[in-house]
Amino acid sequence: MNSRWYSARALLLHLTLALWIVGCGAAAWWQISRAGDGNALSYMYAVEWPVFGLLGIGGWWALLHVEAVSEEEKIQRREFEKQLRRDAHLERHGPSTSDPSMVAYNEHLAQLAQRPKKKLWGH
């Protein structure tokens, strides 16, 4: 038995799709009857509701075929999120002063910033 089609999530998706199609069909039928009574705008809505039904089928198909995320992928995502948080912390608070190479680099940048700027154009 394929869990893609018969899992609890899949059965809920099937039920939702069935209700969606019935609802879109009923709305289209209602708009067709209104268009027959002389409401010209309802012709557009009568075409629009079946399109919504088709979009619902596309969404159902996409949700049904989403692959489950493996434990390894979850771990990789968590590590990536931790790295993003570390990078954001560094942006807000600056680098640690305990790393001598970072201290030397920051001092070098400070010296460069204090030098007078050369004009590259005109006199």
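Residue numbers (this note's numbering): 34 to 156. We treat Cβ as the ideally placed atom computed from N, Cα and C, and that holds for glycine.
Best match in W93, L142, P149 and R37 for proximity to L46 [C-alpha to C-alpha]: Sequence index remark: in the sequence shown, residue 46 carries index 13 (1-based). If we check each option's Cα against that of L46, W93 comes out closest.
Euclidean distance between Cα positions of E81 and N72: Residue numbering aside, residue 81 sits at position 48 when the sequence shown is read from its first letter. Residue numbering aside, residue 72 sits at position 39 when the sequence shown is read from its first letter. Cα-Cα distance, rounded: 15 Å.
Any alpha helix (DSSP H) of 4 or more consecutive residues that is wholly inside the segment 94 to 154: 104 to 126 and 133 to 147
N- and C-terminal bounds of the alpha helix (DSSP H) containing G56: To locate residue 56, count along the sequence shown from 1; it is residue 23. A41 to G69 is the span of the alpha helix (DSSP H), which, as asked, contains G56.
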